[in-house]
Amino acid sequence: MKIKVIYLARLSEDLDKKEEYIELAKNNPTIEDIFLVLGLNKLDYKIYSAKNYSHVKFEEQIKDGDEIAFFPTITGG
Numbered sequence: 002m003k004i005k006v007i008y009l010a011r012l013s014e015d016l017d018k019k020e021e022y023i024e025l026a027k028n029n030p031t032i033e034d035i036f037l038v039l040g041l042n043k044l045d046y047k048i049y050s051a052k053n054y055s056h057v058k059f060e061e062q063i064k065d066g067d068e069i070a071f072f073p074t075i076t077g078g
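Sequential numbering from 2 applies to the sequence shown in the working numbering.
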């Protein structure tokens, strides 16, 4: 299964990349599976996720061709 992962805001700066494609072999993977495979759990700030441009929880299942975005808390004024 091939998934496009997009990193937004501070996260893309900290990882020094805006996107990448990853291959997953697990059956019925979730957003959390990708989060852990990529080591994003080691960051010291909260990360949120979106699947195909819709905000989703980490328990959301994914399928081949989905686009997953990870992003930190959005702030500003």
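Ideal placement from N, C-alpha and C gives every residue a C-beta, glycine not left out. No experiment lies behind these values; they were computed from the predicted model shown.
- Residue range 32-38 is occupied by the alpha helix (DSSP H) that includes Ile35, with no beta strand (DSSP E) assigned at that position.
- According to DSSP, Tyr8 shares a beta bridge with Phe71.
- Residue burial annotation: Ile23 is exposed, with fewer than 16 other C-beta atoms found within 10 angstroms of its C-beta.
- Ile48 is bridged by DSSP to Pro73.
- In the DSSP assignment, Glu24 falls within the unbroken beta strand (DSSP E) covering 20-24.
- Distance from the CA of Ala26 to the CA of Tyr8, rounded to the nearest whole angstrom, comes to 22 Å.
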